[in-house]
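>
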Amino acid sequence: MTTSSATPTVTPQSLDDLRDAVREHTGPLLVAGAGTASDWAGTPEPGATVLSTASLTGVISHNPGDMTVAVRAGTPLVELQEILGEHGQRVAFDAARVERGATLGGLFATADSGPLALTFGSLRDLVIGATVVLADGTVAHSGGHVIKNVAGYDLTKLLHGAQGTLGVVAELILRLHPTPEATATVSLPTPLADAATHAHAVAASPVEASAVQWLQDGSGGRLLARLEGTRDGVDGRVARLRETLGAEAPLLSEADADAAWAAYGAAVDGGAQDRAVVRVGVTPSLLTGLLLELADATEVTAAPLTGVATLSVPATAAAVDDVHRRVAALGGTSLLRRRPPGRIDLAALGPAPTSAALLRAVAASLDPDQRFGRGRLAPWLPTGVTA
Amino acid sequence: MATPTTTTSSTTGVLAADFSAFLPKASVITDEVGLRSYECDGLTGFRQVPAVVVLPRDAQEVAACVRVCARHGVPFVARGAGTGLSGGALPVADGVVISLQKLRRILEIDVENRRAVLEPGVFNLDISRAAGPHGLYYAPDPSSQQVCTIGGNVAENSGGAHCLKYGFTTNHVLEMEVVLADGSLVTLGGPTGEQAGPDLRGVFVGSEGTLGICTKVTVRLLQKAEAKRLVLADFPSVQAAGDTVGDIVDASIIPAAVEMMDSLAMEAAEAAVGAGYTVEAPAALIIELDGPADECDAQFEQLTAICERHGATRIHVAETADEQAKVWKGRKAAFAAVGRISPDYIVQDGVVPRTRLSEVLARIAEMGSEVGLRVANVFHAGDGNLHPLVLYSEAAGEHDQAEELSSSIAELCVELGGSLSGEHGIGADKACSMPAMFSEDDLDVMKRVRSGFDARGLCNPGKIFPTPRLCGEKPGKYQAHPLEEAGVIERL
Chain A
1 MTTSSATPTV TPQSLDDLRD AVREHTGPLL VAGAGTASDW AGTPEPGATV
51 LSTASLTGVI SHNPGDMTVA VRAGTPLVEL QEILGEHGQR VAFDAARVER
101 GATLGGLFAT ADSGPLALTF GSLRDLVIGA TVVLADGTVA HSGGHVIKNV
151 AGYDLTKLLH GAQGTLGVVA ELILRLHPTP EATATVSLPT PLADAATHAH
201 AVAASPVEAS AVQWLQDGSG GRLLARLEGT RDGVDGRVAR LRETLGAEAP
251 LLSEADADAA WAAYGAAVDG GAQDRAVVRV GVTPSLLTGL LLELADATEV
301 TAAPLTGVAT LSVPATAAAV DDVHRRVAAL GGTSLLRRRP PGRIDLAALG
351 PAPTSAALLR AVAASLDPDQ RFGRGRLAPW LPTGVTA
Chain B
1001 MATPTTTTSS TTGVLAADFS AFLPKASVIT DEVGLRSYEC DGLTGFRQVP
1051 AVVVLPRDAQ EVAACVRVCA RHGVPFVARG AGTGLSGGAL PVADGVVISL
1101 QKLRRILEID VENRRAVLEP GVFNLDISRA AGPHGLYYAP DPSSQQVCTI
1151 GGNVAENSGG AHCLKYGFTT NHVLEMEVVL ADGSLVTLGG PTGEQAGPDL
1201 RGVFVGSEGT LGICTKVTVR LLQKAEAKRL VLADFPSVQA AGDTVGDIVD
1251 ASIIPAAVEM MDSLAMEAAE AAVGAGYTVE APAALIIELD GPADECDAQF
1301 EQLTAICERH GATRIHVAET ADEQAKVWKG RKAAFAAVGR ISPDYIVQDG
1351 VVPRTRLSEV LARIAEMGSE VGLRVANVFH AGDGNLHPLV LYSEAAGEHD
1401 QAEELSSSIA ELCVELGGSL SGEHGIGADK ACSMPAMFSE DDLDVMKRVR
1451 SGFDARGLCN PGKIFPTPRL CGEKPGKYQA HPLEEAGVIE RL
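Quick note, the sequences are listed as chains A and B, same order.
The first sequence begins at 1 in our numbering and counts up by one.
The second sequence begins at 1001 in our numbering and counts up by one.
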């Protein structure tokens, strides 16, 4: 492995190397992938050794016939998609930051997802096995290379969304889907207040849109609906979708569709760097009301059918707390996704859920000294617990 | 294992008194006859009479029951309909069985948000029945769906025939209310599947009742597809049927279901149901497509062309909903029907990567003929989930040989890169095979997670993890579950 002494960074070259690094560096560890989400969630406690997955890259095995792939966690998803694309396959996952080089391990640990989550879920639903290294150097496997598998606990799920706590993911096994022969996007200009009604009309029609996403733009906003399938099939469904949405909803040219989804990605990334970005999830029917009340929010994107939204708010403790509080009052989930430099006063999480004590007990069992990602899930996992 | 023991009356008495403080008399079962009806689940070769059975009526009462157990340090086992096939609901000697059968209300069908809020004792099929008038349904459909409960589905991460396209229970559970081993009530998951922090819901689903008791669950509902097409195709060999499945997948078609049956299984099913199978055919596929009508039709043409290319000897298209139901009925009755061609049988549940189907079937046939036992095969071909049925005669003294063959088949699946179980779970049945699939470290980490949920190990002990006590003894002969004898459930 290579070690840099300025900011202590370790870059293991293999799984064994990673295990040895975890064993040899006895203090706190901060896992780093491509760095596309390094300011998400809680601020890590200073002084941790950075454990970089930059050299843990590449496909371990790909069996096109079984539609599964095993890959090292530091692999950028864009690179994997390219390899899979040659076989007409893909990971049916499109979080915005994938385009910026995000690694599979990072996307998994942060529970990120994009518009395709409407149809395919998040990586939680697509990852079928994992190899993790725990704080004591234990290397554990769960799941496997088969999609259907109920042997033992699904430990893989536990690492999904752990924000770099509990352990470090070294390898992931994913289920794959065929790359659709054709893709089409229909765009309807609509303010947020009416977006849900249109989205429900799409959902109630038989066109089976793979993604339905609203985004705020200069003229108010627009609802994007993506169809995927065979060429003939998509052509037919576009016509039916336009009957549902009306004449104001054009089918976008390929270039316009790419631009529209790029605009969506830019909004998710949050615009001006001095603002905070929060991602929220509430029962879908409550989403519009919540977002309309947050008058300061910009760069708003909303998935009316899944209840997930991202928004940019002023980087003040009060503004961020306001979002967390409102979401919690609706029984939802919120997470800070961008923290302007130095703003450690912004709360990463909302009020602790009823399961916080359970989370602490599980964390204490897997990582008793809280070596991994200390501070990332504070205050749900308080930082004061050192052995 | 499996030797019925008489429970100590002192344990029973003390516990019963505590339970009776908040439960009506009829909800605390302590008499021998009453307790006996809870001694096993669908894996009837494993039996154990518990000390007490309680039937709480709501989550608060479940929590109170668990607190009584925690106070006395007594293990407890949650039980739904008892249809599990791996002994997951097998009672613990001197322990308590907490039956969830009184928590069976559908609390809400939320049409706008496409979700259902359920108590754990709701039958799987009743969810789709309640959602049906709104054009919605609940996707996971284990064959026992008429009588298995959603709480049991959560514990086992149940699948069914349509998992390849639509996923398993874990992909459809959004939020759960759970009673932990100390009697506390917590919520896992949330209204959207969004996570702030580790997915505790995900690790709970499929934990076979060892991490707590689910008392309320919110599941996603899906909209029924516009069109559904079903074909039953006969093939000249198992290999040809297997290759057909491969080509379907290669053609980027993801069928809603692809099931394979061999001639032995069809012979049994046909004798029982008369679904129109060709008994002489070495193998048949049941393939279901669904989706928008145009695309469904186009893919269906592609699909039948692939079947023809592989020498399909008959292609029967089930045109009407009734015809489709008939084909499915035969498929789902296959397990129980095997009783017609063999005095005794063991159902196995293993998974191999789909591309190794032909190989595993050839090996199973070899292994069967080596010990002189027949093996019938019925399985979910799309996802490589096998259900070999080892046929044997108890009277002829073949039990131990059959058990051994069955376990070897499960372990063969692991050897070929698959899994010990695709949907029936590990339970008490396969705990001793776990080291074939997981290292000591892997199992140790699972146990560490368990101790985070339940430090004292009171929640359904003796399941999933191998123990010397469990693995040193042999289970008794398989006996048909009463519901199975009545033809209500099948073993898959």
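Every residue gets a Cβ at the ideal spot worked out from N, C-alpha and C, and that includes glycine.
Model, not experiment: these values are computed from the prediction.
#1: What would DSSP say about A:Q370, mapped onto helix, strand or coil?
#2: What in chain B is Cβ-close to A:R72, meaning under 7 angstroms?
#3: Ignoring anything shorter than 3 residues or poking outside the stretch 275-362 of chain A, list the beta strand (DSSP E) runs there in chain order.
#4: Between B:E1108, B:Q1146 and B:S1128, which has its C-alpha nearest B:K1329's C-alpha?
#5: Cβ of B:V1279 within 9 angstroms of Cβ of B:V1258?
#6: Hey, out of A:G236, A:P379, A:D235 and A:P304, whose CA is closest to A:A352's CA?
#7: Any C-beta of chain B sitting closer than 9 angstroms to the C-beta of A:L104?
#8: On the three-state DSSP scale, how would you describe B:Q1195?
#9: Compare the C-alpha of A:G350 against each of A:P178, A:G332 and A:S113 and name the closest.
#10: How is the alpha helix (DSSP H) around B:I1150 delimited, first residue to last?
#11: Taking A:W261 as part of the alpha helix (DSSP H), name the residues at either end of that continuous run.
#12: Closer than 7 angstroms between beta carbons: that is the criterion. Which residues of the stretch 288-313 of chain A meet it against chain D?
#13: Looking at the C-beta of A:H160, does it have a partner C-beta in chain B at a distance below 9 angstroms?
#14: Whose Cβ in chain B lies nearer than 7 angstroms to the Cβ of A:T230?
#15: For A:V234, which residues of its own chain have a beta-carbon under 6 angstroms away from its beta-carbon, when the five flanking residues on both sides are left out?
#16: At which residue ranges does the stretch 1315-1358 of chain B contain complete alpha helix (DSSP H) runs of 4 or more residues, listed in the order of the chain?
#17: Name, please, each residue of chain A whose Cβ falls closer than 7 angstroms to the Cβ of B:G1291.
#18: The alpha helix (DSSP H) spanning B:M1434 covers which residue range?
#19: By the three-class DSSP mapping on this structure, what secondary structure does B:F1123 have?
#20: Please list the residues of the stretch 242-272 of chain A that have a C-beta atom closer than 7 angstroms to any C-beta atom in chain B, keeping them in chain order.
#21: Does any residue of chain A bring its CB to less than 9 angstroms from the CB of B:P1255?
#22: Output the distance between the C-alpha atoms of B:E1440 and A:L176, rounded to the nearest integer angstrom.
#23: Taking 8 angstroms as the cut-off, is the beta-carbon of B:G1212 closer than that to any non-hydrogen atom of the ligand COA?
#24: Specify the secondary structure class of A:S38 as computed by DSSP and reduced to three states.
#25: 9 angstroms is my cut-off, CB to CB: does A:L224 come that close to chain B?
#26: Leaving out five residues before and five after B:V1111 in sequence, what residues of the same chain have Cβ atoms less than 6 angstroms from its Cβ?
#27: Give the DSSP-derived three-state secondary structure of A:D66 in the structure shown.
#28: Quick check on the DSSP output: what are the complete alpha helix (DSSP H) runs of length 4 or more inside the stretch 1053-1103 of chain B, in order along the chain?
#29: Taking contact to mean 3 or more Cβ pairs, one atom from each stretch, closer than 8 angstroms, check whether the stretch 288-306 of chain A and the stretch 1203-1216 of chain B are in contact.
#30: Is B:T1215 helix, strand or coil when you go by DSSP?
#31: Using the Cα positions of B:Q1223 and B:T1011, report the straight-line distance between them to the nearest angstrom.
#32: Within the stretch 146-208 of chain A, note down every full beta strand (DSSP E) run reaching 3 residues or more, in order along the chain.
#33: To which residues of the same chain is A:R97 closer than 6 angstroms at the C-beta, ignoring the five residues directly before and after it?
#34: At the level of alpha carbons, what is the spacing between B:G1160 and A:G161?
#35: Give every residue of the same chain whose Cβ lies closer than 7 angstroms to the Cβ of A:L366, excluding the five residues on either side of it in the sequence, and list them in chain order.
#36: Compare the C-beta of A:V150 with all C-beta atoms of chain B and state if any pair is closer than 9 angstroms.
Reading off the structure:
#1: coil
#2: Neighbours of A:R72 on chain B: none; closest Cβ ~19 angstroms, over 7 angstroms.
#3: 275-281, 298-303, 308-314 and 333-338
#4: B:Q1146
#5: no
#6: A:P379
#7: no
#8: coil
#9: A:G332
#10: I1150 to E1156
#11: E254 to D269
#12: Here chain D cannot be found, since the structure's protein chains are A and B.
#13: yes
#14: E1295 and A1298
#15: A182, A184 and L227
#16: 1321-1337
#17: E208
#18: M1434 to M1437
#19: strand
#20: none
#21: no
#22: 30 angstroms
#23: In terms of ligand content, the structure shown is empty, and the ligand COA therefore cannot be addressed.
#24: coil
#25: no
#26: H1134
#27: helix
#28: 1059-1072
#29: no
#30: strand
#31: 50 angstroms
#32: 168-175 and 182-189
#33: T36
#34: 28 angstroms
#35: L134, L166 and G167
#36: yes
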